[in-house]
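*Asks:*
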Amino acid sequence: MLQFILRRIAISALIMFLGSVLMYVLTINSGDPLQDLRESRAENRDQLMAARTENMGLDDPWWQRYLGWFTGVSRCFVLQCDLGTARDGADVNNLLLSSAGASLRLVTIATFLAIFIGVALGVLSAIRQYSGFDYTITFAAFLFYSLPVFWAAVLLKDFGAIRFNNWIADPAVSITVTALVALLFALAVASVLGGSLRRQVVTGLVTFAVVFGLVFAFDQVQWWVQPALGLPLIIVGAVAALGFMLVMTVGLSNRKVTYAGLVTIALGLVSYFVTGPILDDPSGWLVILALTAVTVVVGLAVGWVMGGYERRTAMTVSVGTALGMAFLIFMDKLLRGWAGFLELAGNRPVSTIGENRIIPERFEGDFWEGIFNWGVQLVLPTIVLTLISIASYSRYTRGSMLETINQDYIRTARSKGLSDRVVFTKHALRNALIPITTIVAFDFASLLGGAVITETIFGWRGLGAMFRLGLDTVDPNPVMAYYLVAGGAAVIMNMLADIAYASLDPRIRR
Amino acid sequence: MTDNHRPDDPEHTPAASSVEEVYSVEKQIDLSQKSYSQGQLVRRRFFRHRGAMVSLFVLVFITVMAFTSIGYGLIPSWWDKTFYDAGAAVDGGRPTMQLWPFQIGEHPFGQDTIGKDYFALTMRGTQRSLIVAFTVGLLSTVIGTLIGAIAGFFRGWVEAILMRVTDLFIIIPLLVLAAVVGKMASGIWWLALMLSLLTWTGLARLVRGEVLSLREREFVTAAEAIGTGPWRIIFKHILPNTIGTIIVSATLAIAATILLESALSFLGYGVRAPDTSLGLLISTYQNAFLTRPWLFWWPGLMILGIALSVNFLGDGLRDAFDPRQNRTAD
């Protein structure tokens, strides 16, 4: 395994080097770096041109310029990176530091969301092949796949930012909209759960009633401006998380593991009150991280004590449930910050420009409101990027899952009497996921490319903006800084995908 | 397919007495069931694919409309306005097209901010996008097929280069590379050529994979045994067996290029003013969305329509060439 990883790193380094040469040469030949000066009427024009030629080394041959850049970058190994300066004299190191965070946050969140949702949709539509749900997902995938990113982004900016701001000023959901939302949910849930027509109608009606009631109640208590989950919803969510974990592992009928999960939920409820004061105003992400670690430890301990001879499964289920519950408690606290954030943002929470609603230097809210400050701005670009990736993930997963379901070993598993649940989760899903891992690497690169577009439209000063600045001024240094981050991130994603591949498919572990 | 008589035409069935008994069994089957060649089967499956047929109609309709309405080269135009002349604003430049009662009116898609006819502008943009997309689809397919076949058949350094170049595209986002080369290219033909040089790798890998397995098959060994040269084997024996992959991939490449080209034009690295393209139109009028939404809707819907129909066509072709992927019982 170590050798496998080392070989991958060596190849990646070589590719990174070749790619950097290619990018550098293409960029410096992509236009005339003196264009703006040639057209200017300034009196000291010639002087300016000479100065720029001198600064950027325009008279040097390409390899000499590249070598200069490469020497600066190779000092990274002794932790003294020098990425050069941009044409206007700005230090690219600083430029990169200020822009990389927001972009990478965007792309990483979009990647994981897309994988999670896309794979889930793909698996569901494969299991319910040729159902209404399957056709809807297939058509939606085609639609999103053919959607011009930039067009969708502008549309979303209008509906998600401008009109949402108008709506939140006086939030009210009409009965018609409530009914429509409930109807959509009902159709989706009924066709996913499947079964006989009678059963589908019953599930649909129940879902409709529940969603209609929820939305109506939310509207009555003005949940949209003062949201919170509250204890009842946290409990419901935690039980749902436990149910999901059980279905994915041993099934609902296993008493020992179920009890372990229930005890975890009980402990989670106790911790909700114990950690309440800490969580009301935590000093930073370190507190959240520490609490998460405690959550995992508690989950493991409960599984260990309660699991008996099924210790391992019980530990997995407990940790999963505990994390799910921790997430719900986190969301509860976060949502309680919304009202304060609305006030800070003057009731127009979503801005159409920038990666923060209020620039951090001027922001005065607490920890939770601070999350909203960048989180709100993250939502729309993430939706744009995720939609398109979801389309490809769901298609690939569906195809891969269908192929797996038709394999002989699945028939064997069924014929020896295993339940659908075990066949799908234990035998089919694991094998169907193997080919997906290779797509992740390609998809991550295209997401980084897509980020260039979304950053332009949503006015982020991120990596994409830096790349465009470099390209527009025919200045290789910002472009190469973009390349280093994008390439490095892609290499790491690729590596993770390879390791995931190896852990899913023992045949290639050599 | 092995029969030398025409099963669909009983009169031509050979009635030679010596082999009559052999045929009698076959005749019963043949008379009740037509038999088809591989190509006929593919064509039948394709024409029965409803989604693909609708998309084919939409695509042909858009293409014919784009090239005849404002004319192209020798093709005469039937639309009386051009995409560069500004006229007086009619009804504040709003679209005059109505569905009920149906009327086209003076400016069916409306007018832009300085009074140019938006229908003509959109058609011009569609032309540009279609030209780039189809050229790239064709060129990159040719390049990809050739390199893939050579890499798969001869292995060696061509294969090594192919694999490393594909690795490059994992590291550098395609859009970024395309932006850099698109900035160099002036005019849509150069743009198309440059984009083709970037987009062939996916198909090359697919073709290489198929050639790798086909070259081990008996018919290739047989061809080699009778002294057939490598190029003849590639073109006459191997490539015809990969035609399904190639056609499907070419279709999907066209859809991907439409999106890539419009994205580049939107960012300003593709088709540039004074010429126009669908991406450029959206980029120019994105801020007019609140005041003149039609300037934003038409080009976007056009891109969506073309890309969607080409993607559906590709799906129909895939089902036609490889029915196993789609339905279990067919």
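First to last, the sequence lines map onto chains A and B. Here the first sequence is numbered in numbering that gives the first Met the number 0, starting from 0 and rising by one per residue. Here the second sequence is numbered in numbering that gives the first Met the number 0, starting from 0 and rising by one per residue. Note that CB positions come from ideal geometry on N, CA and C, so glycine has one too.
Tell me, which residues are paired with residue 85 of chain B by DSSP?
*Replies:* On the second sequence, position 86 is the one that residue 85 of chain B refers to. Paired residues: B/115.
*Asks:* Exposed or buried, residue 266 of chain A, counting other C-beta atoms within 10 Å across all chains shown (16 or more means buried)?
*Replies:* Indexing the first sequence from 1 puts residue 266 of chain A at position 267. Result: buried.
*Asks:* Just the Cα atoms here: how many angstroms apart are residue 320 of chain B and residue 343 of chain A?
*Replies:* In the second sequence, counting from the first residue as 1, residue 320 of chain B sits at position 321. In the first sequence, counting from the first residue as 1, residue 343 of chain A sits at position 344. Distance between the alpha carbons of residue 320 of chain B and residue 343 of chain A: 59 Å.
*Asks:* List the residues of chain A that residue 180 of chain B touches, going by C-beta distances under 9 Å, in chain order.
*Replies:* The residue labelled residue 180 of chain B in the question sits at position 181 within the second sequence. Residues of chain A passing the Cβ test: 25 and 29.
*Asks:* Which whole runs of the alpha helix (DSSP H) in the region 46-123 of chain A are 4 residues long or more, in chain order?
*Replies:* You should have 61-73.
*Asks:* If the cut is a Cβ gap below 7 Å, which residues of chain B does residue 145 of chain A touch?
*Replies:* Along the first sequence, one-based indexing puts residue 145 of chain A at 146. Result: 254, 303, 306, 307 and 310.
*Asks:* At 9 Å on the CB atoms, spell out the chain A contacts of residue 89 of chain B, in chain order.
*Replies:* Mapped onto the second sequence, residue 89 of chain B falls at position 90. Within chain A, no residue comes near residue 89 of chain B; the closest Cβ sits about 26 Å away, beyond 9 Å.
*Asks:* What does residue 15 of chain A reach in chain B if we use C-beta pairs closer than 9 Å?
*Replies:* Counting from 1 along the first sequence, the entry for residue 15 of chain A is found at position 16. Those are 170, listed as they occur along chain B.
*Asks:* Roughly how many angstroms separate the alpha carbons of residue 155 of chain A and residue 379 of chain A, rounded to a whole number?
*Replies:* As a working note, residue 155 of chain A is residue 156 in the first sequence. As a working note, residue 379 of chain A is residue 380 in the first sequence. Distance between the alpha carbons of residue 155 of chain A and residue 379 of chain A: 7 Å.
*Asks:* Assess contact between the region 294-302 of chain A and the region 203-210 of chain A, defined as three or more Cβ pairs (one per stretch) separated by less than 8 Å. Is contact present?
*Replies:* No, the region 294-302 of chain A does not touch the region 203-210 of chain A.
*Asks:* With distance defined between alpha-carbon atoms, name the residue in B/309, B/95 and B/258 nearest to residue 146 of chain A.
*Replies:* Residue 146 of chain A sits at position 147 when you count from the first residue of the first sequence. It is B/258.
*Asks:* Alpha carbons only, please: which of A/442, A/388, A/489 and A/491 is nearest the one belonging to residue 139 of chain A?
*Replies:* Taking the first residue of the first sequence as 1, we reach residue 139 of chain A at position 140. It is A/388 whose Cα lies nearest to the Cα of residue 139 of chain A.
*Asks:* Using a Cβ cut-off of 8 Å (strictly closer), state whether residue 316 of chain B contacts chain A.
*Replies:* Sequence index remark: in the second sequence, residue 316 of chain B carries index 317 (1-based). Closer than 8 Å: no.
*Asks:* Identify the contact partners of residue 250 of chain A in chain B, using a Cβ-Cβ distance below 7 Å as the criterion.
*Replies:* The sequence position of residue 250 of chain A within the first sequence is 251, counting from 1. Here the premise fails: no neighbours, minimum Cβ distance about 28 Å.
*Asks:* If you measure from the beta carbon of residue 160 of chain B to each beta carbon in chain A, is any gap under 8 Å?
*Replies:* For the purposes of this step, residue 160 of chain B is taken as the residue at position 161 of the second sequence. Judged by the 8 Å Cβ criterion, residue 160 of chain B is not in contact with chain A.
*Asks:* Return helix, strand or coil for residue 268 of chain B, following the three-state DSSP convention.
*Replies:* For the purposes of this step, residue 268 of chain B is taken as residue 269 along the second sequence, with counting starting at 1. Reduced to three states, the DSSP call for residue 268 of chain B is coil.
*Asks:* Just the C-alpha distance for residue 480 of chain A and residue 427 of chain A, rounded to the nearest angstrom, thanks.
*Replies:* Position 481 of the first sequence, counted from the first residue, corresponds to residue 480 of chain A. Position 428 of the first sequence, counted from the first residue, corresponds to residue 427 of chain A. Those two C-alpha atoms are separated by around 42 Å.
*Asks:* Excluding the 5 residues flanking residue 325 of chain A on each side, which residues of the same chain have their C-beta closer than 8 Å to its C-beta?
*Replies:* Along the first sequence, one-based indexing puts residue 325 of chain A at 326. Result list for residue 325 of chain A: 267, 290, 291 and 294, in chain order.
*Asks:* Sorted by chain position, which residues of the same chain lie with C-beta nearer than 8 Å to residue 18 of chain A's C-beta, five sequence neighbours on each side aside?
*Replies:* Taking the first residue of the first sequence as 1, we reach residue 18 of chain A at position 19. Excluding sequence neighbours, residue 18 of chain A sits near 482 and 486.
*Asks:* Could you please tell me which residues of the region 133-165 of chain A, in chain order, have their CB closer than 7 Å to any CB of chain B?
*Replies:* Answer in chain order: 141, 142, 144, 145, 146, 147, 148, 149, 150, 153 and 157.
*Asks:* Can you pull the chain B residues whose beta carbon is under 7 Å from the beta carbon of residue 470 of chain A, in chain order?
*Replies:* On the first sequence, position 471 is the one that residue 470 of chain A refers to. Per Cβ cutoff of 7 Å: 178, 179 and 182.
*Asks:* Taking only the alpha-carbon atoms, compute the straight-line gap between residue 467 of chain A and residue 478 of chain A and give it to the nearest angstrom.
*Replies:* Translated into positions along the first sequence, residue 467 of chain A becomes position 468. Translated into positions along the first sequence, residue 478 of chain A becomes position 479. Cα-Cα distance, rounded: 8 Å.
*Asks:* What first and last residue would you give for the alpha helix (DSSP H) that runs through residue 39 of chain B?
*Replies:* On the second sequence, position 40 is the one that residue 39 of chain B refers to. It spans 37-47 - the alpha helix (DSSP H) in which residue 39 of chain B sits, taken as one unbroken run.
*Asks:* Please list the partners that residue 258 of chain B has in chain A, where partner means a Cβ-to-Cβ separation under 7 Å.
*Replies:* One-based indexing of the second sequence puts residue 258 of chain B at position 259. Those are 147, listed as they occur along chain A.
*Asks:* In chain A, which residues lie with their C-beta within 7 Å of the C-beta of residue 285 of chain B?
*Replies:* As a first step, residue 285 of chain B must be located in the second sequence, where it is residue number 286. Under the 7 Å cutoff, chain A gives 153.
*Asks:* Counting only the same chain and skipping the five closest in sequence on each side, list residues whose C-beta sits under 7 Å from that of residue 327 of chain A.
*Replies:* Numbered from its first residue, the first sequence carries residue 327 of chain A at position 328. Correct list, in chain order: 228, 233, 236 and 237.
*Asks:* Going by CA-CA distance only, name the one from B/311, B/53, B/290 and B/277 that's closest to residue 249 of chain B.
*Replies:* As a first step, residue 249 of chain B is located in the second sequence; it is residue number 250 there, counting from the start. Among B/311, B/53, B/290 and B/277, the Cα nearest to that of residue 249 of chain B belongs to B/311.
*Asks:* Any beta carbon of chain B sitting closer than 8 Å to that of residue 490 of chain A?
*Replies:* Your numbering for residue 490 of chain A matches position 491 in the first sequence. Interface residue, yes.
*Asks:* Quick one, are the C-beta atoms of residue 187 of chain A and residue 397 of chain A less than 8 Å apart?
*Replies:* Here residue 187 of chain A refers to the residue found at position 188 of the first sequence. Here residue 397 of chain A refers to the residue found at position 398 of the first sequence. No, these two residues do not count as a Cβ contact at 8 Å.
*Asks:* In three-state DSSP terms, what is residue 258 of chain A?
*Replies:* Along the first sequence, read from residue 1 onward, the residue named residue 258 of chain A stands at position 259. In the structure shown, residue 258 of chain A sits in a helix (DSSP, three-state: H, G or I).
*Asks:* Quick check on the burial criterion: 16 or more other C-beta atoms within 10 angstroms. Buried or exposed for residue 337 of chain A?
*Replies:* By one-based count along the first sequence, residue 337 of chain A stands at place 338. By the 10 Å Cβ count, residue 337 of chain A comes out buried.
*Asks:* Compute the Euclidean distance between the alpha carbons of residue 86 of chain B and residue 106 of chain B, then round it to the nearest angstrom.
*Replies:* Numbered from its first residue, the second sequence carries residue 86 of chain B at position 87. Numbered from its first residue, the second sequence carries residue 106 of chain B at position 107. Approximately 10 Å between the Cα atoms of the pair.
*Asks:* What is the DSSP secondary structure of residue 74 of chain B, counted as helix, strand or coil?
*Replies:* Counting from 1 along the second sequence, the entry for residue 74 of chain B is found at position 75. Note: residue 74 of chain B maps to strand in three-state DSSP.
*Asks:* Does any residue of chain B have a CB that is nearer than 8 Å to the CB of residue 216 of chain A?
*Replies:* Here the question's residue 216 of chain A lines up with position 217 in the first sequence. Judged by the 8 Å Cβ criterion, residue 216 of chain A is not in contact with chain B.
*Asks:* Any chance the CB of residue 118 of chain B is under 7 Å from a heavy atom of the ligand NAP?
*Replies:* With respect to the ligand NAP, the structure offers nothing, as it holds no ligand at all.
*Asks:* Does DSSP put residue 128 of chain A in a helix, in a strand, or in coil?
*Replies:* Numbered from its first residue, the first sequence carries residue 128 of chain A at position 129. The answer is coil: DSSP assigns residue 128 of chain A none of H, G, I, E or B.
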